[in-house]
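Student: Mind the numbering: the sequence shown is residues 692 to 1053 in my numbering, read in order.
The structure's right below; bear with me while I get my questions together.
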Amino acid sequence: MKQSHHIAVLAGDGIGPEVMRAAEAVLAATARRIGTGFALEWLPAGAQHYQDTGEALPDATLRACESADAILFGAMGLPHVRGADGTEIIPQIDLRMAFDLYAGVRPIRTFPGLPTPLAHPQAQQIDMVLVRENTEGLFYARGRGDVRGDEEVFDTMRITRTGTARICEFAFRLAERRAAQRGSAGRVTNVDKANVFASMAFFRKVFEEVAARHPAVGADSAYVDAMALNLVLKPWTYDVLVTENMFGDILSDLIAALVGGMGMAPSGDIGDKVGLFQPAHGTAPDIAGQGRANPIAMLLSAAMMLDWLAGRGGDARLSDGAALIERAVEQVFATGQVRPMEFGGSDGTAAITRAVVAAIDR
Ligand code: ATP
């Protein structure tokens, strides 16, 4: 078993480095408890780096990411820094493509002690994971838009059997693991628009084939418009959702809002070989440099990374580490020790990090 895990750190821009320093402190505290260490290699990339050097994601950074055990990512992009075609600098999409990180995994849950935007009492029991297909769907059109004069533009949606089958497999295996942890039946809900688009009808067909191979897991499908309604009306009834790239992009922000803030939503972009973990939020230029950012999404992303590493290498100490971080986060909110500023509290990045580190140390 490894005594140290090599983590490629892409802190990025805006609040990215601020929340990454919180993750560094929490990983150090976790290492003290579980007896295995983390060697963090900070690497240059991002919009500021692009402005300084003309390169957003240097080759050397990409190679270091490839040889690391996992990638921890802060946030990248600055509104005033644009590429030659006017679009924002977003190397995270290039990383997804370079390493074929096909599964966008977005878990959200409520934490006792924090207010939730939904008044319904069951809103305290939200606990679901959205699995977004990351490599095709409508995002296939990125860089391929067919612009015909000043009159018409075509963006193409691409759905393949291989791409759909592997994302659905991923979702069912995740539902099986969650069910085993909870001792309850798992369920995967496919979100599509199969009533209108041939591409989506095909997505549903492949989903149903994969579902048939996992009879112990419940499976159903919903149209994305009905899902947008139900995710607000009764989000506590869902377990694992699986969906096409663009729908996943939109719904993952919606579900982050259900638990009260972007600073609470972690994520992983996972392939067969490489895993990248990052908060679902962006660089938040409006609060950058003020110490106000809530680091919890980043810390929970680090916990997801430990779980993923444990699954790959079989080192149970790493899943203990993930559980330690998650329990520490639960504790600091349940005991009312801290309240992030995005929830109307007065605690910034440093105070929240100190409280989580202290809870891990205890
Ligand atoms: P992107 O397009 O990269 O997602 P964005 O500006 O649309 O960027 P965010 O950077 O996530 O989105 O910011 C959206 C809002 O959420 C901003 O008001 C920001 O201050 C707030 N926000 C984002 N992350 C956090 C955080 N960790 N703590 C507190 N507030 C945050």
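Just so you know, even glycine gets a beta-carbon here, dropped at the ideal spot from N, CA and C.
1. DSSP state of residue 713, grouped into three classes?
2. Could you give the DSSP three-state label for residue 959: helix, strand or coil?
3. Could you please give me the residues that DSSP links to residue 695 through a beta bridge?
4. What number of angstroms, rounded off, separates the C-alpha of residue 852 from the C-alpha of residue 894?
5. Should residue 710 be listed as close to the ligand ATP, given that the test is whether its C-beta is under 7 Å from any heavy atom?
6. Here's a check: name, in chain order, each residue in its chain whose Cβ is nearer than 6 Å to the Cβ of residue 762, leaving out the five neighbours to either side.
7. Cβ of residue 974 within 7 Å of any heavy atom in the ligand ATP?
8. Give every residue of the same chain whose Cβ lies closer than 8 Å to the Cβ of residue 856, excluding the five residues on either side of it in the sequence, and list them in chain order.
9. Residue range of the beta strand (DSSP E) that residue 1017 falls in?
10. Compute every distance between the C-beta of residue 937 and the non-hydrogen atoms of the ligand ATP, then say whether any falls below 7 Å.
11. Span of the alpha helix (DSSP H) holding residue 752?
12. Determine the DSSP secondary structure at residue 1036, reduced to helix, strand or coil.
13. Please name the residue or residues paired with residue 762 in a DSSP beta bridge.
14. Is residue 1011 closer than 8 Å to residue 725 when the C-beta atoms are compared?
15. Based on DSSP bridge pairs, tell me the residues matched to residue 824.
16. Run through DSSP, which three-state label would residue 706 get?
17. Excluding sequence positions up to five away, which residues of its chain have a Cβ less than 7 Å from the Cβ of residue 1007?
18. How about residue 954: is its Cβ closer than 7 Å to a heavy atom in the ligand ATP?
19. Give a single yes or no on whether residue 714 has its beta carbon closer than 7 Å to a heavy atom of the ligand ATP.
20. For the candidate residues 999, 984 and 772, whose alpha-carbon lies nearest to that of residue 1031?
21. Could you give the distance in angstroms between the alpha-carbon of residue 812 and the alpha-carbon of residue 906?
22. Buried or exposed: where does residue 873 fall if 16 or more other Cβ atoms within 10 Å of its Cβ makes it buried?
23. Check this for me: beta carbons of residue 887 and residue 918, under 8 Å apart or not?
24. DSSP state of residue 1044, grouped into three classes?
25. Are three or more beta carbon pairs between the region 798–811 and the region 822–835 nearer than 8 Å?
26. Taking the beta strand (DSSP E) that residue 930 falls in, what are its first and last residues?
27. Run the CB neighbour count on residue 833, radius 10 Å, all protein chains shown included, and call it buried at 16 or more, exposed below.
28. For the candidate residues 986, 861 and 932, whose alpha-carbon lies nearest to that of residue 999?
29. Checking the sheet assignment: what are the DSSP bridge partners for residue 1031?
30. For the beta strand (DSSP E) that contains residue 883, what are its first and last residues?
31. Report yes or no: do three or more beta-carbon pairs, one from the region 938–956 and one from the region 832–851, lie closer than 8 Å?
32. The alpha helix (DSSP H) that contains residue 900, what's its start and end?
33. Measuring straight from C-alpha to C-alpha, what distance separates residue 1044 and residue 880?
34. In the DSSP assignment, find the beta strand (DSSP E) that holds residue 845 and state where it starts and stops.
Tutor: Taking the definition as stated:
1. Locating residue 713 in the sequence shown gives position 22, where the first residue counts as 1. Residue 713 carries a helical assignment under DSSP once its states are collapsed to helix, strand and coil.
2. As a first step, residue 959 is located in the sequence shown; it is residue number 268 there, counting from the start. Strand.
3. Against the sequence shown, residue 695 aligns to sequence position 4. Beta-bridge analysis with DSSP links residue 695 to 728.
4. Indexing the sequence shown from 1 puts residue 852 at position 161. Indexing the sequence shown from 1 puts residue 894 at position 203. Taking the straight line joining both Cα atoms gives about 8 Å.
5. Translated into positions along the sequence shown, residue 710 becomes position 19. Yes.
6. Working through the sequence shown from its first residue, we reach residue 762 at position 71. If we look at residue 762 and ignore the five residues flanking it on each side, its Cβ neighbours are 699, 756 and 967.
7. As a working mapping, residue 974 is identified with position 283 in the sequence shown. Residue side-chain check: residue 974 places its Cβ nearer than 7 Å to a non-hydrogen atom of the ligand ATP.
8. Stepping through the sequence shown from its first residue, residue 856 is reached at position 165. Hits under 8 Å: 897, 900 and 901.
9. Position 326 of the sequence shown, counted from the first residue, corresponds to residue 1017. That residue, residue 1017, is in no beta strand (DSSP E); its alpha helix (DSSP H) goes 1007–1025.
10. Locating residue 937 in the sequence shown gives position 246, counting from the first residue. Not a single heavy atom of the ligand ATP lies less than 7 Å from the C-beta of residue 937.
11. Stepping through the sequence shown from its first residue, residue 752 is reached at position 61. 750–758 is the extent of the alpha helix (DSSP H) around residue 752.
12. Position 345 of the sequence shown, counting from 1, holds the residue named residue 1036. Three-state DSSP puts residue 1036 in coil, outside helix and strand.
13. As a working note, residue 762 is residue 71 in the sequence shown. According to DSSP, which records beta bridges pairwise, residue 762 is partnered with 699 and 967.
14. As a first step, residue 725 must be located in the sequence shown, where it is residue number 34. As a first step, residue 1011 must be located in the sequence shown, where it is residue number 320. With contacts defined by Cβ atoms closer than 8 Å, residue 725 and residue 1011 form a contacting pair.
15. Here residue 824 is taken as the residue at index 133 of the sequence shown, counted from 1. DSSP lists 794 as the bridge partner or partners of residue 824.
16. By one-based count along the sequence shown, residue 706 stands at place 15. Annotated three-state conformation of residue 706 is coil, per DSSP.
17. Locating residue 1007 in the sequence shown gives position 316, counting from the first residue. The beta carbon of residue 1007 lies closer than 7 Å to those of 1001 in the same chain, with the five residues before and after it left out.
18. Working through the sequence shown from its first residue, we reach residue 954 at position 263. For residue 954, the CB falls within less than 7 Å of some heavy atom of the ligand ATP.
19. Position 23 of the sequence shown holds residue 714. Not under cutoff, so the answer is no.
20. Stepping through the sequence shown from its first residue, residue 1031 is reached at position 340. Here the closest residue by C-alpha is 984.
21. Along the sequence shown, one-based indexing puts residue 812 at 121. Along the sequence shown, one-based indexing puts residue 906 at 215. Going from the Cα of residue 812 to the Cα of residue 906 covers about 32 Å.
22. Along the sequence shown, one-based indexing puts residue 873 at 182. By the neighbour-count rule (16 or more Cβ atoms within 10 Å), residue 873 is not buried but exposed.
23. Here residue 887 corresponds to residue number 196 of the sequence shown, with the count starting at 1. Here residue 918 corresponds to residue number 227 of the sequence shown, with the count starting at 1. It is not a contact, given that the beta carbons lie outside the stated cut-off.
24. Taking the first residue of the sequence shown as position 1, residue 1044 is located at position 353. In this structure, residue 1044 counts as helix in the three-state DSSP scheme.
25. With the cut-off at 8 Å, the region 798–811 and the region 822–835 do not touch.
26. By one-based count along the sequence shown, residue 930 stands at place 239. Note, residue 930: premise wrong, no beta strand (DSSP E); not H, not E.
27. Taking the first residue of the sequence shown as position 1, residue 833 is located at position 142. Per the 10 Å Cβ criterion, exposed.
28. If you number the sequence shown from 1, residue 999 lands on position 308. Measuring from the Cα of residue 999, the nearest candidate turns out to be 861.
29. What you label residue 1031 is simply residue 340 of the sequence shown in a count that begins at 1. Paired residue(s): 1038.
30. Position 192 of the sequence shown, counted from the start, is the residue given in the question as residue 883. Annotation: the continuous beta strand (DSSP E) that includes residue 883 extends over 878–883.
31. No contact exists between the region 938–956 and the region 832–851.
32. Mapped onto the sequence shown, residue 900 falls at position 209. Unbroken alpha helix (DSSP H) run through residue 900: 889–903.
33. Within the sequence shown, the letter at position 353 stands for residue 1044. Within the sequence shown, the letter at position 189 stands for residue 880. Whole-angstrom Cα-Cα distance: 35 Å.
34. On the sequence shown, position 154 is the one that residue 845 refers to. Membership of residue 845 in the beta strand (DSSP E) is indicated by the continuous run 843–845.
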